[in-house]
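Data block below; observations after.
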Amino acid sequence: MFANERRPGRPKTNPLSRDEQLRINKRNQLKRDKVRGLKRVELKLNADAVDALNELAEARNMSRSDLIEEMLMTQLTALRSRGKV
């Protein structure tokens, strides 16, 4: 009955379901990260810390991830120079 009726919205261009597309895209992203030598690290922070990181990253025109990496590497370098790592 409704087979010939056109529905509004974006036409389907991929035969895979949205869930399958997301799974494939995530797998591909992980492969790209691995090639670049990146490892995934997850952590939980309180909202104030996240807000502060977001503000600082925006002020420095960089991603939050890049900011956190820079901060960690700076701290690790300082600890190594003092012989604590």
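Numbering-wise (UniProt numbering), the sequence shown opens with residue 1 and increments by one.
By construction, the Cβ of each residue, glycine as well, lies at the ideal position given by its N, Cα and C atoms.
Remember, it's a predicted structure, so these values are computed and weren't measured experimentally.
Grouping DSSP H, G and I as helix and E and B as strand, with all else coil, what is residue i?
i	result
Leu16	coil
Asn54	helix
Val35	helix
Lys44	coil
Arg7	coil
Asn28	helix
Rounded to whole angstroms, what is the Cα-Cα separation between residue i and residue j?
i	j	result
Ala49	Arg6	49 Å
Ala47	Leu67	17 Å
Pro15	Arg23	14 Å
Ala57	Pro8	40 Å
Lys84	Glu70	19 Å
Glu55	Lys44	18 Å
Glu42	Ser81	27 Å
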